[in-house]
Structures are given as structure tokens and as C-alpha cells.
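Data first, discussion second: the structure below is written as C-alpha cells.
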Ligand SMILES: [Zn+2]
Ligand SMILES: [Zn+2]
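Numbering (my numbering), first residue to last: 28 to 108.
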């Protein structure tokens with residue numbers, strides 16, 4: 028799983044401060060302003076994101092464990108006594 032840190036403006040790998048026309052800066056700003064499909068919050072500068080659509084690393088991990096829980100529930104359904 029590829030992990031990307033969204034560099035903040037002013038950081039060496041980050042976009043220019045303010046607005047500019049650089050495609051790399053534009054895509055970084057768009058990524059920071061995108062919403063995480065898991066928690067619906069902005070991804071934000073400085074956040075570690077992964078996957079596609081990109082989501083917070085912590086959200087990707089918690090959704091992985093949720094899927095594992097779901098699989099366990101399907102494999103062992105509750106039987107009424
Ligand atoms: Zn720029
Ligand atoms: Zn999230």
C-alpha cells in the first residue's frame with residue numbers, strides 16, 4: 028500500500044504559498060482539499076493518505092479492520108438459542 032504525505036505549503040516538497048499555476052502545486056492542493064471517503068473530513072495538509080480514492084492512513088486501517096469484522100460476522104452468524 029503506497030503511503031503519501033501531503034506536504035504543507037512552504038515545505039520543501041509542498042506547494043507554493045498562496046495561488047500559483049504549477050500543475051504539481053495544484054494537484055497537491057486538490058488532494059489536501061479532497062474529502063476522505065471514510066470519515067468525510069478534508070484530507071488536509073500534512074496528513075498521511077493512502078489508496079484510491081485517497082483516504083487518511085488511519086481511516087484506511089480502521090476500515091480494513093471493519094471489513095475483517097464483517098467477514099467474521101458472515102462466517103459465524105449469531106444463532107438464537
Ligand atoms: Zn507552485
Ligand atoms: Zn479519514
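Here a beta-carbon is modelled for each residue, glycine too, at the ideal position from N, C-alpha and C.
Residues in the same chain with beta-carbon distance under 6 Å from residue 64, minus the five sequence neighbours each way, listed in chain order, please.
80 and 82
Please say whether residue 59 and residue 45 have beta carbons closer to each other than 8 Å?
no
Is residue 69 helix, strand or coil when you go by DSSP?
strand
Distance CB(residue 42)-CB(residue 56) smaller than 8 Å:
yes
CB-CB length for residue 35 against residue 73, believed under 8 Å
5 Å
Is residue 39 a contact residue of ligand 1, with contact defined as CB to any heavy atom under 7 Å?
no
For residue 50, the first and last residue of its enclosing alpha helix (DSSP H)
50 to 60
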